[in-house]
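Trainee:
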Amino acid sequence: MGGARSGKSEFAERLVESFDSPKTFIATSEISDSEMRSRIEEHRRRRGMEWRTVEAPLDIASALDDLGDEEVAVLDCLTIWLSNLMLSEGETREGVDRLMLALERCRGSVVTVSNEVGQGIVPENPLARRFRDEHGRLNQRFAASCGLVVLVTAGLPLVLKGALPGSPA
Amino acid sequence: MGGARSGKSEFAERLVESFDSPKTFIATSEISDSEMRSRIEEHRRRRGMEWRTVEAPLDIASALDDLGDEEVAVLDCLTIWLSNLMLSEGETREGVDRLMLALERCRGSVVTVSNEVGQGIVPENPLARRFRDEHGRLNQRFAASCGLVVLVTAGLPLVLKGALPGSPA
Amino acid sequence: MGGARSGKSEFAERLVESFDSPKTFIATSEISDSEMRSRIEEHRRRRGMEWRTVEAPLDIASALDDLGDEEVAVLDCLTIWLSNLMLSEGETREGVDRLMLALERCRGSVVTVSNEVGQGIVPENPLARRFRDEHGRLNQRFAASCGLVVLVTAGLPLVLKGALPGSPA
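Chains as they are written, first to last, in numbering that gives the first Met the number 0: chain A, 0 to 168; chain B, 0 to 168; chain C, 0 to 168.
(1) Would you call A/P122 buried or exposed, if buried means 16 or more other Cβ atoms sit within 10 Å of its Cβ?
(2) Looking at chain C, which residues of the stretch 91 to 119 of chain A have a Cβ within less than 7 angstroms of any of its Cβ atoms?
(3) Report yes or no: is there a C-beta of chain A within less than 8 angstroms of the C-beta of B/P122?
(4) With a 10 Å radius around its C-beta and 16 neighbouring C-beta atoms as the bar for buried, classify A/N124 as buried or exposed.
(5) For B/V149, which of C/S144, C/L155 and C/G146 has the nearest alpha-carbon?
(6) Comparing the C-beta of A/R4 with each C-beta of chain C, is any distance below 8 angstroms?
(7) Using a threshold of 8 angstroms, state whether the C-beta atoms of A/T23 and A/E70 are closer than that.
(8) Please report the straight-line C-alpha distance between A/A72 and A/P56, rounded to a whole angstrom.
(9) I want to see whether chain C comes within less than 8 angstroms of B/V148, judged by CB atoms only; does it?
(10) In chain C, what lies closer than 7 angstroms to B/N174 by C-beta?
(11) Just to check my reading of the structure: B/M99 and B/R140 have Cβ atoms closer than 8 angstroms, yes? What is that Cβ distance to the nearest angstrom?
(12) Where does B/D75 sit, in a helix, a strand or coil, going by DSSP?
(13) Can you grab the Cα-Cα spacing for the pair A/G165 / A/S37, in whole Å?
(14) Leaving aside the five residues before and after B/S8 along the sequence, list all residues of the same chain whose C-beta is less than 8 angstroms from its C-beta, in chain order.
(15) Out of C/V15, C/I79, C/L86 and C/G161, point me to the one whose CA is closest to C/R51's CA.
(16) Closest Cβ-Cβ distance between B/A26 and chain A: below 8 angstroms?
(17) Using beta carbons (cut-off 8 angstroms, strictly below), is A/K160 in contact with chain B?
(18) Sort B/R97, B/G161, B/E49 and B/S33 by Cα distance to B/L147 and report the nearest one.
(19) For A/F18, does the three-state DSSP call read helix, strand or coil?
(20) Is the beta carbon of A/G94 closer than 8 angstroms to that of A/D68?
(21) For C/I79, which option in C/R13, C/L163, C/L157 and C/A3 has the closest C-alpha, if you only look at C-alpha atoms?
(22) Do B/A153 and B/S5 have their CB atoms nearer than 8 angstroms?
(23) I want to see whether chain B comes within less than 8 angstroms of C/R131, judged by CB atoms only; does it?
(24) Have a look at the DSSP bridge pairing and note the partners of C/W50.
(25) Which residues bound the beta strand (DSSP E) around B/S108?
(26) Smallest Cα separation from A/C145: which of A/R45, A/A11 and A/V109?
(27) Going by alpha carbons, who is nearest to A/R97 out of A/G119, A/Q118, A/N114 and A/D64?
(28) With distances taken Cα to Cα, identify the nearest neighbour of B/R92 among B/M0, B/H134, B/I39 and B/V53.
(29) Can you give me the C-alpha to C-alpha distance between A/N83 and C/A142, rounded to a whole angstrom?
(30) My guess is that A/I120 and B/G47 are in contact by the Cβ rule of under 8 angstroms, so how many angstroms apart are they, rounded?
(31) Given a cut-off of 8 angstroms on the beta-carbon distance, is the pair C/A11 and C/A60 in contact?
(32) Under 8 angstroms between C-beta atoms, does B/L157 make it to chain A?
(33) For the stretch 104 to 165 of chain B, which segments carrying the beta strand (DSSP E) assignment without a break, of at least 3 residues, lie completely within its bounds, in sequence order?
(34) Using C-beta distances below 8 angstroms, list every residue in its chain close to C/L157, excluding the 5 sequence neighbours before and after it, in chain order.
(35) Can you name, in chain order, every residue of its own chain whose Cβ lies under 8 angstroms from the Cβ of B/F130, other than the five neighbours on each side?
(36) Assuming B/I39 and B/A62 form a contact by the criterion Cβ under 8 angstroms, report the distance between their Cβ atoms to the nearest whole angstrom.
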């Protein structure tokens, strides 16, 4: 977890690079504008050729179901996925439940990238307020189900739960 | 302290539940719309019947004065109270000073919930900017006077000052 | 680093006060309105007379080049400087590179104050969004080049990298 441009995606990717396993990148962005397109291309350049990329703007659950036993995935990111879900279905409860179930039964390992979006002033826009609330709840559910939770600030990790691989027990 | 929907209220309530003392919930929300009403009802359901509830949208000081020696209270939350104060009195200095004095002489224990609101982009609205500044200062005064300060992110606590009950010294 | 009114400037100044060295305050604010003027006067009163003050709304690089071997400086703050740079030059790449080089060759020690601005909802304004992204990247570059990085919340420090002077190794 982290704020915008906090280095959280790069941190997640380095974490997965440290494993000697097949690697998958689950991308949630829909390539809708040139700003987004250049970000995605920057992401691809950074990751190199060892990775398989799956585009899943809405159906992350299937992408998780497809992961094999040894596979390690970066899911980047919950924030864009939740936004896609809200715009496409109007509500998020069912989609979120489906995702949490897929996460439970997933055979591979998943490093999930998510934004902290609730530390600014309350937005005036009711939809933004609702998004902020639902995103906060989603982050809580994910954090409860994960073994490791890291807050990234300016590229620096702060472990909120569990321990990073290689750190003393 | 924490962002919106970070799990900070639930964390505060669990902390108070762990004490074997009379429990008070000091609610600062004015029930002005249906969104707020459903949040408050969700809060009540979660707390159960063991709690006394005091509604104090403005006069938290009296609510603190009424706490007995053994009593443990959740004050939820500073952010809404400061917003109520600013809207009702136009300025906050006097109300904040009165609250800090009440906190000093309070005989019970108080677990205070507050938002971090200063980690987004500077708001364009001058009132929001002023609120953000005054809230930041209020958080600093509270943090200085408390024995325990915890930042909650995605439901996970990070101790900024003091130690949680039951943790090693 | 910290949010608005988090106590980060005061923390930086106390850190520098603890050194027995000549002290410089590098101020980035342009005194454009009365709100800003009163903030700056409050800052000056707090620091006292021992400090040299340099106003550098754009050219921090020269201010860093002027620091002597023993000198310790507070640079307050990166956020306002980046905003000044964006407004004055339209882009920031060159100015940021120049600053990073000045930081590398700087003979004194610099304690830099910066805001976390990426933990709210994505701003609707494209310029604010770009600022948020560039600021996040700048914070990452600074954090990578510094020996000590501290996140300040409600006046309380959380060490993200390195160790505070006087803390156990």
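Glycine included, C-beta positions come from ideal geometry on N, C-alpha and C.
Mentor: On the basis of the data shown:
(1) buried
(2) E115, V116, Q118 and G119
(3) yes
(4) exposed
(5) C/L155
(6) yes
(7) yes
(8) 15 angstroms
(9) Yes, B/V148 counts as interfacial toward chain C.
(10) Any question about residue 174 of chain B goes unanswered here, given that chain B covers just 0 to 168.
(11) 6 angstroms
(12) strand
(13) 34 angstroms
(14) Excluding residues within five positions, the ones whose Cβ falls inside 8 angstroms are H42, V73, D75, C76 and V112.
(15) C/V15
(16) no
(17) By this cut-off, A/K160 is an interface position.
(18) Ranking B/R97, B/G161, B/E49 and B/S33 by Cα distance to B/L147 puts B/G161 first.
(19) coil
(20) no
(21) C/A3
(22) yes
(23) yes
(24) C/W50 is bridged to C/K22.
(25) Element bounds for B/S108: S108 to V112.
(26) A/V109
(27) A/D64
(28) B/H134
(29) 32 angstroms
(30) Beta-carbon to beta-carbon, A/I120 and B/G47 are separated by about 33 angstroms, too far to satisfy the 8 angstroms threshold.
(31) no
(32) The beta carbon of B/L157 falls within 8 angstroms of a beta carbon belonging to chain A, placing the residue at that interface.
(33) 108 to 112, 148 to 152 and 155 to 160
(34) V149, L150 and V151
(35) The residues L81, S82, M85 and V116, in chain order, have a CB closer than 8 angstroms to that of B/F130 in the same chain once the five nearest residues on each side in sequence are set aside.
(36) Their Cβ separation, rounded to whole angstroms, is 16 angstroms, which puts B/I39 and B/A62 out of contact at 8 angstroms.
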